[in-house]
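Count along the sequence shown starting at 1, add 2, and that's the number in our numbering. Note that the Cβ used here is the ideal one computed from N, Cα and C, for glycine as well. One structure below.
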Amino acid sequence: MSDENKKNPKSEEPQDAGQVMVEQEEAQDAQAGGSAESGEASPLEEEIKKLKGENEELKDKYLRLFAEFDNFKKRTIREKMDMMKNAAQDTVSELLPILDDFDRAKKNAEQEGSTEIFSEGVSLVYSKLYATLRRLGLDPMETTGEVFDPELHEAITEIPAPAEGQKGRIIDTIEKGYMLNGKIIRHAKVVVGK
């Protein structure tokens with residue numbers, strides 16, 4: 003091969019006119035496709051920017067909502083603790099006059115030395131305490147003669163029933179049960195007939 007042929011190897015092979023046309027069409031299609039892709043990239047980029055903006059906005063809303071909920075939880079816990087403290091304060095305030103009565107009864111018993119006066123004083127204080135607790139929502143359970151209910155009563159022991167109708171019923175109450183505003187705060191300890 004000559005130097006000219008080495009520099010231009012295509013000159014050796016004659017090209018078919020049809021092949022040249024196909025190559026030109028492919029080149030044009032590639033350019034058209036490239037321009038179409040670049041045209042589509044712009045709306046895609048805009049859509050991505052829009053979605054990123056929405057994502058950031060939603061993240062911000064989420065963080066604010068989460069912080070608001072966290073503050074709500076803390077505030078609720080604080081209010082509950084305050085309510086419990088105030089409830090105890092209200093109860094103790096209700097019991098203070100009874101404590102004063104016990105102090106007076108004790109002082110009078112030491113001065114007088116009479117057991118009858120002391121007994122009367124204790125009875126009055128008991129009545130006042132009982133009335134105060136009832137006003138606060140405390141109710142004693144009436145148990146003797148009732149049918150045994152494990153939801154309300156705690157059986158300490160079972161004894162033979164004195165009568166046939168007392169089987170499964172409470173014969174004696176060892177310790178009263180109490181309800182506060184309809185909720186059991188202490189089960190009654192009872193003796194059940196079998």
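Check                                                                                                                                                                                         : Outcome
What's the gap between the Cα of TYR64 and the Cα of ASP103?                                                                                                                                  : 59 Å
Which runs of the beta strand (DSSP E) fall wholly inside the segment 126-161 and span at least 3 residues, in chain order?                                                                   : 140-142, 155-161
Between the segment 127-134 and the segment 85-101, can you find at least three pairs of beta-carbon atoms closer than 8 Å?                                                                   : yes
Applying the 10 Å Cβ sphere with the 16-neighbour rule, what's the burial state of VAL192?                                                                                                    : buried
Once you ignore the five residues that flank GLY179 on each side, which residues in its own chain have a CB closer than 6 Å to its CB?                                                        : MET143, ARG188, HIS189, ALA190
What residues in its chain sit with their C-beta under 8 Å from that of ILE119, if we drop five residues either side in the sequence?                                                         : ASN110, ALA111
Verify the contact flag: PRO142, CB atom, against every heavy atom of the ligand ADP, threshold strictly below 7 Å.                                                                           : Here there are no bound small molecules, and the ligand ADP is not part of this structure.
Within 10 angstroms of the Cβ of VAL194, are there 16 or more other Cβ atoms? Answer buried if so, exposed if not.                                                                            : buried
Please go through the same chain and pick out, in chain order, the residues whose beta-carbon is closer than 6 Å to the beta-carbon of LEU182, but skip the five residues on each side of it. : GLY139, LEU140
For ASP151 and GLY170, what's the separation of their Cα atoms in angstroms?                                                                                                                  : 9 Å
Look at the Cβ atom of THR146, then the Cβ atom of ILE172, and state whether they are nearer than 8 Å.                                                                                        : yes
I'd like to confirm the pairing. Which residues does DSSP put opposite TYR233 in its beta bridges?                                                                                            : Lying before the first or after the last residue shown, residue 233 is absent from the chain, which here runs from 3 to 196.
Are the CB atoms of ALA163 and LYS196 nearer to each other than 8 Å?                                                                                                                          : yes
Does DSSP put GLY195 in a helix, in a strand, or in coil?                                                                                                                                     : strand
Determine whether the beta carbon atoms of GLU176 and ILE158 lie at a separation below 8 Å.                                                                                                   : Before going on, a small fix: residue 176 reads as Ile here, not Glu. Their beta carbons are under 8 Å apart, which means ILE176 touches ILE158 by this criterion.
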